[in-house]
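There are 2 protein chains.
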Amino acid sequence: MSGRKRAFDEVQALNAAMYTFWKKGFVGTSLADLTANMGINKPSMYASFGNKEDLFLKATQHYVTTKVDRVLSTLDQQGISLRRRLKAYMVATITVQTEGEQGLGCFLSFCESEVIGENIPEAAKQEVERLSQLPHQKLKQLFETDPESIVLGLDKRSSISAQTILTFLKGCASMARSGTSSDKLVESIDIILDGLGLGSRVSN
Amino acid sequence: MSGRKRAFDEVQALNAAMYTFWKKGFVGTSLADLTANMGINKPSMYASFGNKEDLFLKATQHYVTTKVDRVLSTLDQQGISLRRRLKAYMVATITVQTEGEQGLGCFLSFCESEVIGENIPEAAKQEVERLSQLPHQKLKQLFETDPESIVLGLDKRSSISAQTILTFLKGCASMARSGTSSDKLVESIDIILDGLGLGSRVSN
DNA sequence: ACTGTTTTGTACCGATGAGTACAATCTAAT
DNA sequence: ATTAGATTGTACTCATCGGTACAAAACAGT
Chain L
77 MSGRKRAFDE VQALNAAMYT FWKKGFVGTS LADLTANMGI NKPSMYASFG
127 NKEDLFLKAT QHYVTTKVDR VLSTLDQQGI SLRRRLKAYM VATITVQTEG
177 EQGLGCFLSF CESEVIGENI PEAAKQEVER LSQLPHQKLK QLFETDPESI
227 VLGLDKRSSI SAQTILTFLK GCASMARSGT SSDKLVESID IILDGLGLGS
277 RVSN
Chain Z
77 MSGRKRAFDE VQALNAAMYT FWKKGFVGTS LADLTANMGI NKPSMYASFG
127 NKEDLFLKAT QHYVTTKVDR VLSTLDQQGI SLRRRLKAYM VATITVQTEG
177 EQGLGCFLSF CESEVIGENI PEAAKQEVER LSQLPHQKLK QLFETDPESI
227 VLGLDKRSSI SAQTILTFLK GCASMARSGT SSDKLVESID IILDGLGLGS
277 RVSN
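Heads up: the sequence lines are chains L and Z, in that order.
If you read the first sequence in this note's numbering, its first letter stands for residue 77, the second for the next number, and so on.
If you read the second sequence in this note's numbering, its first letter stands for residue 77, the second for the next number, and so on.
Shown next as structure tokens:
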């Protein structure tokens, strides 16, 4: 005997919550912000998602599945040179960071910067830190196992190579958040790949 | 007829306020945080610094004069190759970002990331945005006027070159804030400078 | 139509946010 | 010693924070 029908779409509401946290962070987002953007009121939110921290964790997961995973999958493309795959990955990252009217950067990177401020609950902190490591692991492994990478000798510098790319991309996130356009950020990609010793930017 | 003596050092208190904002941001810092770290109580704070926003503006200025200006001055060193000057600048930046027990990254970069969240007063927002542009202008001008840069043809790519360096350094700020050590970040510098076409990393 | 169940809206809770009133305290000049 | 001026500590203000109680509203099955 089910009761009154839910008057909102849960996925849509979660999506709105994700963008709210993405824009304002965990600390800067109030329940009033959330309910306004989600189009629901507090009791509905608490009934569906738990509390602010639970909602944040679900929004974080939603970000990973709808954004991060898609971007990371560009590294698995077949029949494309390593350099092109890396470039596609970096372009895809920047595209996410600059999407919408106002670029928001990286959800995880921004929220991770709040962690040290001690205003974030423990579980959320650990989850953000855990998820932030995934790209590094994937990139490092790519440099270690990819045949082309081994030929170039990059497998011996896998960690620093991965880290340099991610440092650059985190910088892009900051830049995007302060208004730098996608085009300008993309321009730097070839410079980074050149520096890593990934061959010429014209041929590969 | 001056009254009771001030029982705290104003500069010292401002310094404590700077580190508090640096760690927790404008939004995440409460007056309780501030007064606790500054070692004074609220009326003293309001009498000396105005209000939270005024204190933030003064802390920001304090950051610029004690940190940013020092770092930028490394670019003005004489008798050193362009590559070495840029490297010194980047190392100095990373040193500031990773100082202390826990690296805090870049005060300006972090606070700028809060701006878009709409929880920052207008004046503070504009000041943070204004100050964030200074390094780009300085670097761009360096690439345009430095003789060595002109020989290398970098004057024709001054803007993108400056932006690439700053994007990388903003990434270092994020990395530092999430615990990456100074050593690891410094390792990437030569890769970036190589990519920019600043000659060999061994000779210059 | 009635009943049990779920969602919704309103109105609240205690805690904490920024900011201030005011009296007690201290210091320097007279 | 007294007085005037400035700083200090305590105790407030009002608004907003995250979270909830509760009754009205809307449904499904009988």
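Backbone N, C-alpha and C fix where the C-beta goes; we use that ideal spot for every residue, glycine too.
Residue i: contacting residues in chain L (beta-carbon distance under 8 Å)
i, result
"residue 130/Z", "Within chain L, no residue comes near residue 130/Z; the closest Cβ sits about 21 Å away, beyond 8 Å."
"residue 103/Z", "101, 103, 104"
"residue 181/Z", "189"
"residue 195/Z", "100, 104"
"residue 178/Z", "192"
Same chain only: Cβ atoms within 7 Å of residue i, ignoring 5 sequence neighbours per side
i, result
"residue 102/L", "132, 187, 190, 196, 200"
"residue 57/Z", "The question about residue 57/Z has no answer, for chain Z in this structure spans 77 to 280."
"residue 222/Z", "158"
Residues of its chain near residue i, where Cβ-Cβ distance is below 6 Å and the 5 sequence neighbours each way are ignored
i, result
"residue 230/L", "219, 237"
"residue 96/L", "105, 109, 110, 113"
"residue 246/Z", "185"
"residue 168/L", "147, 150"
"residue 166/Z", "265"
"residue 138/L", "90, 94"
"residue 244/Z", "268"
"residue 122/L", "none"
Proximal residues of chain L, C-beta to C-beta of residue i below 9 Å
i, result
"residue 124/Z", "Neighbours of residue 124/Z on chain L: none; closest Cβ ~24 Å, over 9 Å."
"residue 208/Z", "254"
"residue 221/Z", "What residue 221/Z touches in chain L: nothing, since even the nearest Cβ is about 21 Å away."
When the options are compared against residue i, the one with the closest alpha-carbon
i, options, result
"residue 341/L", "118/Z, 172/Z, 100/Z", "The first residue shown for chain L is 77 and the last is 280, placing residue 341/L beyond what the model contains."
"residue 175/Z", "251/Z, 276/Z, 87/Z", "251/Z"
"residue 207/L", "84/L, 141/L, 243/L, 128/L", "141/L"
"residue 257/Z", "84/Z, 107/Z, 170/Z", "170/Z"
"residue 80/Z", "107/Z, 221/Z, 120/Z", "120/Z"
"residue 275/Z", "221/Z, 163/Z, 107/Z, 217/Z", "163/Z"
"residue 126/L", "86/L, 239/L, 156/L, 144/L", "86/L"
"residue 179/L", "88/L, 253/L, 152/L", "253/L"
"residue 173/Z", "215/Z, 260/Z, 158/Z, 160/Z", "260/Z"
"residue 181/Z", "155/Z, 144/Z, 122/Z", "144/Z"
"residue 129/L", "198/L, 78/L, 82/L", "198/L"
"residue 124/L", "82/L, 202/L, 209/L", "82/L"
"residue 235/L", "249/L, 217/L, 226/L, 255/L", "217/L"
"residue 277/Z", "88/Z, 160/Z, 202/Z", "160/Z"
Cβ-based neighbour list, residue i, same chain, cut-off 8 Å, excluding 5 preceding and 5 following
i, result
"residue 300/L", "Given a span of 77 to 280 for chain L in the structure shown, any question on residue 300/L remains unanswerable."
"residue 224/Z", "157, 158"
"residue 84/L", "114, 115, 116, 120"
"residue 118/Z", "107, 111"
"residue 242/Z", "211, 212, 215"
"residue 255/L", "178, 179"
Listed by chain order, chain Z residues near residue i by CB distance under 9 Å
i, result
"residue 253/L", "188, 189, 191, 192"
"residue 257/L", "The premise fails here: residue 257/L is roughly 11 Å from chain Z at the closest Cβ pair, so nothing lies under 9 Å."
"residue 225/L", "Those within 9 Å of residue 225/L in chain Z number zero; the least Cβ separation is about 15 Å."
"residue 272/L", "267, 270, 271"
"residue 141/L", "None at all; the shortest Cβ gap to chain Z is about 22 Å."
Endpoints, the alpha helix (DSSP H) within which residue i is located
i, result
"residue 261/L", "258–263"
"residue 157/Z", "Taken as a continuous stretch (DSSP letters only), residue 157/Z belongs to no alpha helix (DSSP H), as it is neither H nor E."
"residue 206/L", "198–221"
"residue 83/Z", "Taken as a continuous stretch (DSSP letters only), residue 83/Z belongs to no alpha helix (DSSP H), as it is neither H nor E."
"residue 113/L", "107–114"
"residue 246/Z", "234–253"
"residue 134/Z", "128–139"
"residue 152/Z", "It is not in any alpha helix (DSSP H) - residue 152/Z carries neither H nor E in the DSSP assignment."
"residue 191/L", "183–191"
"residue 118/L", "118–125"
Amino acids of chain L, ordered along the chain, whose beta-carbon sits closer than 7 Å to that of residue i
i, result
"residue 239/Z", "260, 264"
"residue 170/Z", "Residues of chain L passing the Cβ test: none, with the nearest at roughly 10 Å."
"residue 231/Z", "Chain L residues near residue 231/Z: none, gap ~16 Å exceeds 7 Å."
"residue 174/Z", "Simply none; closest approach about 13 Å."
"residue 136/Z", "By Cβ distance, chain L contributes nothing, its closest Cβ being about 15 Å from residue 136/Z, past 7 Å."
"residue 150/Z", "Here the premise fails: no neighbours, minimum Cβ distance about 19 Å."
Interface partners of residue i on chain Z, CB under 7 Å
i, result
"residue 163/L", "Going along chain Z, no residue has its Cβ under 7 Å from residue 163/L, so there is no contact; the nearest lies around 13 Å."
"residue 246/L", "247, 250, 251"
"residue 185/L", "250"
Neighbouring residues, chain Z, relative to residue i (Cβ below 8 Å)
i, result
"residue 214/L", "Here the premise fails: no neighbours, minimum Cβ distance about 17 Å."
"residue 111/L", "In chain order: nothing, as chain Z lies at least about 16 Å away."
"residue 236/L", "260, 263, 264, 267"
"residue 202/L", "Ordered by position in chain Z, no residue passes the 8 Å Cβ test against residue 202/L, which lies about 13 Å from the chain."
heavy atom of the ligand MN below 8 Å from residue i C-beta
i, result
"residue 233/Z", "Only the bare structure without any ligand can be found here, which leaves the ligand MN out of the picture."
message = With three or more C-beta pairs closer than 8 Å as the rule, is the region 263–276 of chain Z touching the region 260–271 of chain L?
response = yes
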